[in-house]
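I have placed the structure first, in the form of structure tokens, so that the comments after it can refer back to it.
2 protein chains.
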Amino acid sequence: MPRYQAPVDEVLFLLTHVLPLKDHADLQGFGDLSPDMIEAIVREGAQVCEDFFQPVNASGDRQGCQRLPDGRVVTPEGFKAAYDAYRKGGWLGLSAPEAYGGQGLPNTLNHVMGEFTASANMALSMYGGLTQGAFAALLQHASPEQKALYIPPMIEGRWTGTMNLTEPHCGTDLGLIKTRATALGDGTYAITGQKIFISAGEHDLADNIIHLVLARLSDAPEGTRGISLFLVPKFWVNVDGSLGERNHVTCGAIEHKMGIHGNATCVMNYDQAKGVLIGEANRGLQAMFVMMNEARLGVAIQGLAQSEVAYQNAAIYAKERLQGRALTGASAPDKPADPIIVHPDIRRMLMEIRSFNEAARALILWDALQGDIAHRSQDPKSVERANDLQGLLTPVLKGVLTDLGFENCVKAQQIFGGHGYVSEWGMEQFVRDARIAMIYEGANGIQALDLVGRKLPKDGGRAIRTYLELIGRFIQERESNEALKPLLMGLKQGVGHLQEATLWFMSHAIAKPTHAGAGAYDYMHLFGLVSLGHMWVMMAEAALGLQAQGEDLQRQTTRLTLAAYFMERAMPKTGLHLKHITSGADIMMSLPADSF
Amino acid sequence: MPRYQAPVDEVLFLLTHVLPLKDHADLQGFGDLSPDMIEAIVREGAQVCEDFFQPVNASGDRQGCQRLPDGRVVTPEGFKAAYDAYRKGGWLGLSAPEAYGGQGLPNTLNHVMGEFTASANMALSMYGGLTQGAFAALLQHASPEQKALYIPPMIEGRWTGTMNLTEPHCGTDLGLIKTRATALGDGTYAITGQKIFISAGEHDLADNIIHLVLARLSDAPEGTRGISLFLVPKFWVNVDGSLGERNHVTCGAIEHKMGIHGNATCVMNYDQAKGVLIGEANRGLQAMFVMMNEARLGVAIQGLAQSEVAYQNAAIYAKERLQGRALTGASAPDKPADPIIVHPDIRRMLMEIRSFNEAARALILWDALQGDIAHRSQDPKSVERANDLQGLLTPVLKGVLTDLGFENCVKAQQIFGGHGYVSEWGMEQFVRDARIAMIYEGANGIQALDLVGRKLPKDGGRAIRTYLELIGRFIQERESNEALKPLLMGLKQGVGHLQEATLWFMSHAIAKPTHAGAGAYDYMHLFGLVSLGHMWVMMAEAALGLQAQGEDLQRQTTRLTLAAYFMERAMPKTGLHLKHITSGADIMMSLPADSF
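As you go down the protein sequences, you meet chains A and B in turn.
Residue 462 in our numbering sits at position 459 of the first sequence, with consecutive numbering throughout.
Residue 593 in our numbering sits at position 590 of the second sequence, with consecutive numbering throughout.
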């Protein structure tokens, strides 16, 4: 049976010493937060994940969701109780506005919970996660009446939400959407079409499901400029908030998937289903895109979350499993064999995973903080800067954290040998669950293209300039710090490669856009290494401070060692990425399609 | 529904132009082989895989194997018919000695079939593959009477074979084996113990199952020097070859696994089961190790096989799926969108997979040829050299081809976006099936350790010297060839890194063996890139020759482009591996175990 303990101390270290929340007391919701309150929230959140989510993770994977002949969907045993514990704890509304029943706390804390819930039970965590995404979209785009009607029950978790974008013939290219909406003359619309891959599309956890659906009005222009956003409830919602008739939206099938079996991924059929328009007509895609940063960050977190829980189990196993002897002589001569953690190759895998996990967690919180600043600061300069940084970094986090998170699950599974391949130990589930994060919310190749094709050139390159200046100043301000020097050298080299790669795109990709496309994936990963390296220097600096104060010395040594390992082993790959980028597209694109 | 077409033309190119079988006419079984015969065999083998194996691959994954309450195991629908077609075609005995009913053909051809069968249906292919492994062990170690009794029905496929090594508490460290054997005084032994992860341990495809079991005699010394090899048939075999009573060996359970669901991976219980000793007492591990090169090569082939079938399906999808427009303007303006193969990042993934697959196939046949030379040459110098090279390269192939094969399946799956995650398209099965190849027959970390700790220092480093000389001479002989120059430069740089890394181990690992352990995995992958690069130069040379003759020009261009891509994108990673190796073990090993 796999285990999970939420990394509470690690989160508190980050929120107190590395990215102190108290430095942002001017932001709405941050001011009243004492360190004790932060700790209480994080510990309580950890508890609900450990006590309710994790125990039904493996069984939920085995049972999966069942669609009954009448179209109802039954979630695995224990999911309802766990979801209820979570929603009754008020976790769905942790950072939602108090006006709608939320607690108004920093969204950064919400993302902490995102990690814990996804580590403990990724499939289950998605029901709440999608609901948060849906009410966030409504908060930004719905009318005051719509907000008042739909948002409070969603924040309470009595109703859940979904996003309906994908159709059989289109995922990335939403301009091809065929689902139609016809105005009924009474302010409502009849929606008809088929949506696929709809997570949490139908289930038995909530009284109602609020579907946000992209569809095309009859007179809409072609392509992406003719897509509108509709709200289609499973049960019609009367003006007093009571539930009315069952709407004509049904689950046609549950997809058979590689993983996240506990989440009902549905084919949703809309047959003249009644809905209302959210925001302006033909501006639906923009409405969806606005909340994309948060949603993508949520998926990035799933990459870390699976890597973290896989690491925890692999570390336990590596210390317990006896097999072979250390190269340097028996470490446990009284036992039939040494624990496998004595073997360098086991150690290598554990170090690789852990030196990623801790930096990834920091980077997520760093990015989440930019989001909080962007949404809550009163200072337009700060908002612009935070928006720039989050817009730039989010595709990097989505692509890199899910790629490396998956790779780490595979490594952690490898530590178990044959036991990693059988279901009993739970490791293969982490691999299967983690795999989807590289695909949904924009496949990672799309993240790379978003980064290079959209985020880099946007506003004349303002965001990347801001980021490079930020890192440059960060390094400069620490150059006299002898203890940080080796780490700074590693970071500096990585940043140098990032600058070179950026310049290369600027001078080559305009004449030949395929050069940008061909190097985009490497650029995203190069960027990710630099950002993770940046976090390691920040964490090492904080660890040195705590070390000087004599606090938790073994833990600080671990941090400093992981930082050194990251710079020694992970960071040098930036050079390889640069080499790939500067090879350009010529050979890659030279074959005709029919040669494949 | 996934598709598969065996790469017959590619195999014929290799066996005719790159590694011509006719150059080895002096070897037993090679002399009579005309090009027409080779082609006929390969085409016929392809046919049985395409017609019988592939159609039941996805359904076999869905159904899995069922253990009935009485312990019998039922394989998925269609497996028996497919297996029968295969065994009746004589494929199990393709390269087995004619004296026992085999066809005596090169084992290299047998490994070609290994790829085809594993691409078409990996789970099904293992029943035959394990049988071949088992009778190969008997051919080397059994007495003449035992050979006559057991081998012919196995070559015929009427009986299958298994390998019973792993126990719940030991996999890699076989010195810990607890299964006991007691002499019964009549030349037979009573075997008692539990074995786990036994592939094809029980099933309904054959009349009898011959289990090869490692166990410990009552008076055996401790550790690996006290392990003997026993043959335990499911049904006792009378001296006339007829089947006697049911033996006390039963399937206690079928493991629930991530993949290869069509293969019955069994917990096998031996309860005073009757067996016979194979070879000398206490020399069982040596007997198992002798055939390990072939078995590991078989697993390496599975890595390529899954990568190949995943590639084929991804290439088809990339040409058919319409989504988005090319960065350079619409390529299919008459259609709603362009096929996704126009996007550089899709192209990148296809190029990465294919430039691996073709080189991996060549390397497998190169390694298999060394095996044929080692077993069939009359010249002791040739035998020693081939043994050295195969011993050195096989762990490289096992580790690298299964790692990269799995990564490629993940890439191919990624090309499908969300459709890659659902079972319908079959891509996620390739990923799940491919995953086991990194683990069994010695986890890849063990391969790396075997390479660095055993194969490098063996005989004073004779094998690695032979290999480096071989590559050095290969490069030197071609240095005046202008057309090959860019490829040779890439290979030369890779070889340089391999030499440096080898020297680094020689000068650092003796004083500190953990340095070798810490760098072993990188060394294995560095070695793999050099070996694959070597194959690309050989293939490019052959392609240039055919190009000059005007033969199949588009195909030669493809080969030359893939070779260039490999040198541009894959080979430079050797520098990163070298950097990792020379960072040594200090930081990696510095934390105490309880810091994890």
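Here a beta-carbon is modelled for each residue, glycine too, at the ideal position from N, C-alpha and C.
With 16 or more other CB atoms across the displayed protein chains lying within 10 angstroms of its CB, M261 of chain A is buried.
For Y568 of chain B, the nearest beta carbon of chain A is closer than 8 Å to its own beta carbon.
Inclusion of D382 of chain B and T111 of chain B in the CB contact set at 8 Å is not warranted, their separation being larger than that value. Boundaries for P575 of chain A: no alpha helix (DSSP H) harbours it, and the DSSP string shows neither H nor E there. In the DSSP annotation of this structure, the continuous segment of the beta strand (DSSP E) that includes C254 of chain A starts and ends at V252 to I257. Per DSSP, D391 of chain A is one residue of the alpha helix (DSSP H) stretching across P383 to I418. The Cβ atoms of L532 of chain A and T577 of chain A sit closer than 8 Å to each other.
Rounded to whole angstroms, L579 of chain A and H500 of chain A show a C-alpha spacing of 9 Å.
Between the stretch 513–524 of chain A and the stretch 446–462 of chain A there are three or more inter-stretch CB-CB distances shorter than 8 Å, so the stretches are counted as touching.
If you draw a straight line from the Cα of G190 of chain B to the Cα of E248 of chain B, it is about 17 Å long. Contact check between the stretch 153–164 of chain A and the stretch 206–220 of chain A: three or more CB pairs, one atom from each, fall below 8 Å, which counts as touching. Around Q69 of chain B, no beta-carbon contact reaches into chain A at under 7 Å, the shortest distance being about 16 Å. Counting every other CB atom within 10 Å of its CB across the protein chains shown gives Q432 of chain A a total of 16 or more, marking it as buried. Here DSSP, grouped into helix, strand and coil, assigns H206 of chain B to coil.
Interface annotation, C173 of chain A: in contact with chain B, CB-CB separation under 8 Å. With a threshold of 8 Å between beta carbons, I442 of chain B makes contact with chain A. Listed in chain order, the alpha helix (DSSP H) elements of length 4 or more contained wholly in the stretch 30–106 of chain B are 38–51, 60–66 and 82–91. Contact check between the stretch 102–111 of chain B and the stretch 19–39 of chain B: three or more CB pairs, one atom from each, fall below 8 Å, which counts as touching.
Judged by DSSP secondary structure, S231 of chain A falls within the beta strand (DSSP E) whose first and last residues are S231 to P236. Annotated as distal: V252 of chain A and A290 of chain A, with beta-carbon spacing of 8 Å or more.
For Y320 of chain B, the enclosing alpha helix (DSSP H) starts and ends at M295 to E323. Excluding the 5 residues flanking it on each side, F508 of chain B has same chain C-beta neighbours closer than 6 Å at A519, in chain order. In the pairwise beta carbon analysis, the stretch 485–498 of chain B is classified as not touching the stretch 306–323 of chain A: fewer than three pairs are separated by under 8 Å. For S510 of chain B, not one C-beta of chain A is nearer than 8 Å to its own C-beta. By the Cβ criterion, the stretch 561–577 of chain B is in contact with the stretch 346–361 of chain B, since at least three pairs of Cβ atoms, one from each stretch, lie closer than 8 Å. Annotation for Q275 of chain A: the continuous beta strand (DSSP E) segment containing it runs T268 to I281.
Under the Cβ criterion (8 Å, minimum of three pairs), the stretch 403–415 of chain B counts as touching the stretch 303–311 of chain B. Between the C-alpha atoms of V270 of chain B and I199 of chain B there is a straight-line separation of about 4 Å. The count of Cβ pairs closer than 8 Å, one atom from the stretch 40–55 of chain A and one from the stretch 89–97 of chain A, reaches three, so the stretches are in contact.
Residues of chain A whose Cβ lies closer than 8 Å to the Cβ of V533 of chain B do not exist; the shortest such Cβ separation is about 16 Å.
Contact between G63 of chain A and L127 of chain A holds, since their C-beta atoms are separated by about 7 Å, short of 8 Å. Nearest Cα to A193 of chain A within the set A:L220, A:G178 and A:S202: A:L220. Close partners of I356 of chain B in chain A (Cβ separation under 9 Å) are lacking, with about 10 Å as the shortest Cβ gap.
For the pair P79 of chain B and R388 of chain A, the Cα-to-Cα distance works out to about 59 Å. Taking each of B:Q417, B:H537 and B:A514 in turn and checking the Cα distance to I474 of chain B, the smallest one comes out for B:H537. In the structure shown, A218 of chain A adopts extended strand secondary structure according to DSSP, grouped into three states.
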